[in-house]
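Anchor point for the sequence shown: position 11 equals 14 in my numbering, and the numbering is continuous, going up by one each time.
No residue lacks a Cβ here, since even glycine has one placed at the ideal position from N, Cα and C.
In what follows, a single structure is set out as structure tokens and then discussed.
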Amino acid sequence: MLDLLALARLSELSGRKDKERCRRDEDAFYEEFGADPPALIVAFGRALSFIARRRATGHAQKVAHCQAEGNCRPAVQNGALTRV
């Protein structure tokens with residue numbers, strides 16, 4: 004009976020030790036990688052986001068214009084590709 008209690012206690016202590024080690028590892032991870040990213044990377048990401056939003060909006064405006072006009076086929080005039 005005492006052997007089972009000792010084994011249970013040993014298992015409990017081992018579990019606590021593992022949880023504490025995981026917590027320390029997690030704390031170390033967030034201390035190392037939890038800082039804000041460099042300002043250059045943030046600015047680059049915002050610029051890409053802005054470009055993507057403008058491109059989608061511009062494309063939607065062209066499509067809406069072509070659907071309203073009904074005559075948006077490409078044509079070459081004076082060496083430049085334009086919409087007729």
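Just so you know, the alpha carbons of Asp39 and Ala9 end up roughly 47 Å apart. Straight-line spacing of the CA atoms in Pro41 and Gly18 works out to 39 Å. Around Lys22, the same chain offers no residue with a beta carbon nearer than 8 Å, after the five sequence neighbours per side are excluded. Put simply, the backbone Cα of Lys20 is about 17 Å away from that of Ala31. Ser52 has its alpha-carbon roughly 10 Å from the corresponding atom of Arg58.
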